[in-house]
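*Asks:* Have a look at this one before I ask anything.
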Amino acid sequence: MVMGNCLRTTTQRGQEMKVGSIGRYLMFAGAASPLGFAIVQDGKQHDQAISDYAAKMMREGRDTFRSDTFGSEAFWGGQVRLHEAIAGAANGGVGPGVSPKAALSLGIKVDMNAVPAAVAAGIKAGTVDLNDPKNTVALLKANAVVGVKGFFAGDRLRSIGITCAFCHSTTDDKFAPGIGNRLDGYPNRDLNVGKVIAAGPNLKPLTDMLQVDNATVLKVLNSWGPGKFDALLNLDGKAFRPDGKPAATLIPPALGLAGVNNHTWTGSWGTVSYWNAYVGNLEMHGSGTFFDPRLDDPKKYPVAARTRQGHTVATNDRITAKLPALHFYQLSIPTPKPPAGTFDSARARRGESLFNGIAKCGSCHVPPIYTEPGWNLHKAEEIGIDDFQSTRAPDDRYVTTPLRALWDMQKMHKGGFYHDGRFAT
Ligand code: HEC
Ligand code: HEC
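Be aware that the sequence shown starts at 1282, since it is given in the working numbering, and climbs by one per residue.
In structure tokens, the structure reads:
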């Protein structure tokens, strides 16, 4: 026996040790406490813990969505120096600056609840000069600019970062056009992201990444237009379609996604949480960790493969810990309902029976999520459009867009339908 024990291999001994510690663990976790009481969580307490957790996730997630830059100021301020262009030479920056009027005309929105009362009164009375960039800086200081966060040294704007709300919130214009209460999850279809970035005094981070010259980067940024952004350019470097049109897509609504599997316009990236990590790291240029070895494919994703974007590791990860609550908040944003009295319900019911009947729309847009439960992707030829955008995604397919608030052409679907707005109605 003693001999036998001595002849055991280390692996066997290792396994034996593991079994031993699992056994001890099980005794504590499942069977009985050291004092002999059975440990079963109180069901009422568990219910309460679930409710408390949901409320906390909601608060934290909303805060992240609206206010967290993930450290992206190191890129937009530190490298692109956008804050200098916004402030203008008169306020410690460069150039003429961006006045509140110019910012609003680029589609940037202002949260009326964060505008100091005196400033709001001044705007109404016409005594606050909306042509003076100094007042843009003041609005940033009051944290009133939706999705843009200023960082200050005294009154001097020293950097800016962006948040999810920059592209995925707008306002209800209750105060004035572009100034109102926040509408989280709505796409900002007025926002000219390309023109905003193009204002940056230093586009070298982009020319370096894409390995093209400054003029080419400017041409691309200026091609997008309002409500559009290209969330895949940093992977494949494809700025234009074969027909010469911009490769940018519409900013989609980031709401009504609970129960929806594949999201974004094109398919099989991952869950909403995958996409949040993707955007936080690779689009917003926050400081975090992101892993996706699919991006190592040098044919499909030459830029990402060269710059190793699928292996992003930050020493100070400011994104990963925010993902759970951010995911939770996004899935909590419902699709807005059409206001009562704005449609003829008898005709809508006839349309519904067509939709689910001979028109067969409901075979893909399955109510009430209006996309397929399961693998909700289709080849371009199945839906009768070109495959340019779909082939930029990992498995070359379009997502069955969940149909959300199609009646809202003012904000939600301003700029048209399908991924690039090719259909006006
Ligand atoms: C610069 C603009 C911009 C910013 C900032 C941005 N997004 Fe997006 N978002 C887009 C665009 C464009 C798409 C569509 C991408 C595609 O399909 O190729 C998108 C897609 C999405 C989708 C999928 C929506 C759907 O209907 O399938 C979600 C969810 C989303 N973004 C959440 C976020 C979150 C959360 C953040 C912050 C971490 C964020 N986005 C930041 C532009 C932006
Ligand atoms: C084979 C599956 C399939 C069928 C059947 C189908 N759709 Fe779609 N639908 C899609 C896909 C995929 C998209 C996304 C296209 C894109 O983004 O370019 C889409 C997009 C849409 C959009 C645009 C949504 C937006 O937010 O831009 C509308 C509206 C729409 N479909 C309505 C319909 C109607 C009405 C029918 C029936 C006449 C129908 N669809 C039948 C798959 C389908």
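Even glycine gets a Cβ: it sits at the ideal position worked out from N, Cα and C.
#1: Does DSSP put R1343 in a helix, in a strand, or in coil?
#2: Taking the alpha carbon of C1448 as the reference point, which residue from K1415, L1421, I1532 and K1422 has its own alpha carbon closest?
#3: Could you check if M1308 is buried or exposed, using at least 16 other CB atoms within 10 Å of its CB as the buried criterion?
#4: Does the stretch 1537–1553 come close enough to the stretch 1622–1635 that 3 or more CB-CB pairs lie under 8 Å?
#5: With a threshold of 6 Å (Cβ to nearest heavy atom), would P1615 be considered close to ligand 1?
#6: What runs of the beta strand (DSSP E), each 3 residues or longer, lie entirely inside the stretch 1380–1439?
#7: Do E1564 and A1512 have their CB atoms nearer than 7 Å?
#8: Which residue's Cα is closest to the Cα of L1387: T1682, S1332, L1472 and A1585?
#9: Only counting the same chain, and skipping five residues up and downstream in sequence, which positions put a Cβ closer than 6 Å to that of P1619?
#10: Mind checking V1474: buried by the 16 CB within 10 Å criterion, or exposed?
#11: Could you tell me if the beta carbon of F1698 falls within a distance shorter than 6 Å of some heavy atom in ligand 2?
#12: CB of N1372 to nearest heavy atom of ligand 1: below 6 Å?
#13: Under a Cβ-count criterion, where at least 16 other Cβ atoms within 10 Å of its own Cβ denotes burial, should P1468 be classed as buried or exposed?
#14: In chain order, which continuous runs of the alpha helix (DSSP H) of length 4 or greater are located wholly inside the stretch 1558–1605?
#15: Tell me which residues share the same chain as D1677 and place their Cβ nearer than 6 Å to its Cβ, disregarding the 5 neighbours each side in the sequence.
#16: Relative to the alpha-carbon of G1466, which residue among A1686, G1697, G1702 and H1700 has its alpha-carbon at the smallest distance?
#17: Using the Cα positions of R1437 and M1393, report the straight-line distance between them to the nearest angstrom.
#18: Specify the secondary structure class of T1350 as computed by DSSP and reduced to three states.
#19: Can you tell me whether H1327 is buried or exposed? The criterion is at least 16 other CB atoms within 10 Å of its CB, across all chains shown.
#20: Let me confirm a value: F1318 is counted as buried when at least 16 other C-beta atoms fall within 10 Å, else exposed. Which label applies?
#21: Exposed or buried, what is G1459 when buried is set at 16 or more other beta-carbons lying within 10 Å of its beta-carbon?
#22: Looking at C-beta atoms only, is the number of pairs between the stretch 1570–1584 and the stretch 1515–1526 that lie closer than 8 Å three or more?
#23: K1509 bridges to which residues according to DSSP?
#24: May I have the straight-line CA-CA distance separating I1320 from M1338, to the nearest angstrom?
#25: Mind checking whether the beta-carbon of Y1651 lies closer than 6 Å to any heavy atom of ligand 2?
#26: Residues in the same chain with beta-carbon distance under 7 Å from G1461, minus the five sequence neighbours each way, listed in chain order, please.
#27: Closest to R1343 by C-alpha separation, out of K1500, S1450, P1675 and I1389, would be which residue?
#28: Closest by CA to A1434, which one among V1477, H1566, N1372 and V1400?
#29: Should H1700 be listed as close to ligand 3, given that the test is whether its C-beta is under 6 Å from any heavy atom?
#30: With 16 other CB atoms within 10 Å as the buried threshold, where does Q1691 fall?
#31: Of the choices I1367, A1640 and G1537, whose alpha-carbon is the least far from that of I1614?
#32: Does L1576 pass the burial test, meaning 16 or more other C-beta atoms within 10 Å, or should it be called exposed?
#33: If you compare alpha carbons, which of T1652, R1340 and Y1679 is closest to E1662?
#34: Report the option in P1675, G1481, A1586 and L1514 whose CA atom is closest to the CA atom of Q1360.
#35: Return the CA-CA distance between L1484 and D1333, expressed in angstroms with no decimal places.
#36: Could you give the first and the last residue of the continuous alpha helix (DSSP H) run that contains D1517?
*Replies:* Based on what the coordinates show:
#1: As a working note, residue 1343 is residue 62 in the sequence shown. R1343: helix per DSSP, three-state reduction.
#2: In the sequence shown, counting from the first residue as 1, residue 1448 sits at position 167. Nearest Cα to C1448 within the set K1415, L1421, I1532 and K1422: I1532.
#3: The count along the sequence shown starts at 1 and reaches residue 1308 at position 27. Below a pLDDT of 50, predicted positions are generally treated as unreliable, and M1308, at 48, falls in that range; no measurement from the model is reported.
#4: Fewer than three beta-carbon pairs drawn from the stretch 1622–1635 and the stretch 1537–1553 are found closer than 8 Å, and the two stretches are therefore not classed as touching.
#5: If you number the sequence shown from 1, residue 1615 lands on position 334. Distance from the C-beta of P1615 to the nearest heavy atom of ligand 1 is not below 6 Å.
#6: Listed in chain order, the beta strand (DSSP E) runs fully inside the stretch 1380–1439 are 1429–1434, counting runs of at least 3 residues.
#7: Numbered from its first residue, the sequence shown carries residue 1564 at position 283. Numbered from its first residue, the sequence shown carries residue 1512 at position 231. Against a cut-off of 7 Å, the Cβ pair of A1512 and E1564 comes out as a contact.
#8: As a first step, residue 1387 must be located in the sequence shown, where it is residue number 106. Closest by alpha carbon: L1472.
#9: Taking the first residue of the sequence shown as position 1, residue 1619 is located at position 338. Non-local C-beta neighbours of P1619 in its own chain, meaning closer than 6 Å and more than five positions away in sequence, comprise W1688, ordered along the chain.
#10: Translated into the one-based positions of the sequence shown, residue 1474 becomes position 193. By the C-beta density criterion, V1474 is buried, having at least 16 other C-beta atoms within 10 angstroms.
#11: Numbered from its first residue, the sequence shown carries residue 1698 at position 417. True, at least one ligand heavy atom lies under 6 Å from that Cβ.
#12: Along the sequence shown, one-based indexing puts residue 1372 at 91. For ligand 1, not one heavy atom lies less than 6 Å from the Cβ of N1372.
#13: For the purposes of this step, residue 1468 is identified with residue 187 of the sequence shown, where counting begins at 1. Buried.
#14: You should have 1583–1588.
#15: As a first step, residue 1677 is located in the sequence shown; it is residue number 396 there, counting from the start. Taken in chain order, the residues that qualify are S1671.
#16: Translated into the one-based positions of the sequence shown, residue 1466 becomes position 185. Of the listed residues, the one whose Cα sits closest to G1466 is A1686.
#17: To locate residue 1437, count along the sequence shown from 1; it is residue 156. To locate residue 1393, count along the sequence shown from 1; it is residue 112. Cα-Cα distance, rounded: 23 Å.
#18: By one-based count along the sequence shown, residue 1350 stands at place 69. Note: T1350 maps to coil in three-state DSSP.
#19: By one-based count along the sequence shown, residue 1327 stands at place 46. Exposed is the call here.
#20: Mapped onto the sequence shown, residue 1318 falls at position 37. Under this definition F1318 is an exposed residue.
#21: Taking the sequence shown and counting its residues from 1, one reaches residue 1459 at position 178. Sixteen is the threshold: when 16 or more other Cβ atoms of the shown chains lie within 10 Å of the Cβ of G1459, as they do, the residue is buried.
#22: Contact between the stretch 1570–1584 and the stretch 1515–1526 is present, because at least three Cβ pairs lie under 8 Å.
#23: For the purposes of this step, residue 1509 is taken as the residue at position 228 of the sequence shown. Paired residue(s): L1531.
#24: In the sequence shown, the residue the question calls residue 1320 occupies position 39. In the sequence shown, the residue the question calls residue 1338 occupies position 57. When only Cα atoms are considered, I1320 and M1338 end up about 27 Å apart.
#25: Against the sequence shown, residue 1651 aligns to sequence position 370. Look at Y1651: its beta carbon is at least 6 Å from all of the heavy atoms in ligand 2.
#26: The residue you call residue 1461 lines up with position 180 of the sequence shown. Apart from sequence neighbours up to five positions away, the residues of its chain that approach G1461 with a beta-carbon distance below 7 Å are M1393, T1452, D1453, D1454 and K1455, ordered along the chain.
#27: Here residue 1343 refers to the residue found at position 62 when the sequence shown is read from its first residue. Between R1343 and the set K1500, S1450, P1675 and I1389, the nearest pair of CA atoms involves S1450.
#28: To locate residue 1434, count along the sequence shown from 1; it is residue 153. Among V1477, H1566, N1372 and V1400, the Cα nearest to that of A1434 is on N1372.
#29: This structure lacks ligand 3; the ligands present are ligand 1 and ligand 2.
#30: Sequence index remark: in the sequence shown, residue 1691 carries index 410 (1-based). So Q1691 counts as exposed.
#31: On the sequence shown, residue 1614 is found 333 positions in, with the first residue counted as 1. Nearest neighbour of I1614 by Cα position, chosen from I1367, A1640 and G1537, turns out to be G1537.
#32: Here residue 1576 refers to the residue found at position 295 of the sequence shown. Taking all protein chains in view, the Cβ of L1576 is crowded by 16 or more other Cβ atoms within 10 Å, so the residue is classified as buried.
#33: Here residue 1662 refers to the residue found at position 381 when the sequence shown is read from its first residue. Minimum Cα distance to E1662 is reached at Y1679.
#34: Taking the sequence shown and counting its residues from 1, the one referred to as residue 1360 is at position 79. If you compare the alpha carbons of P1675, G1481, A1586 and L1514 with that of Q1360, the shortest gap goes to G1481.
#35: What you label residue 1484 is simply residue 203 of the sequence shown in a count that begins at 1. What you label residue 1333 is simply residue 52 of the sequence shown in a count that begins at 1. Straight-line Cα distance between these residues: approximately 45 Å.
#36: One-based indexing of the sequence shown puts residue 1517 at position 236. Counting along the chain, the alpha helix (DSSP H) containing D1517 begins and ends at L1514 to D1517.
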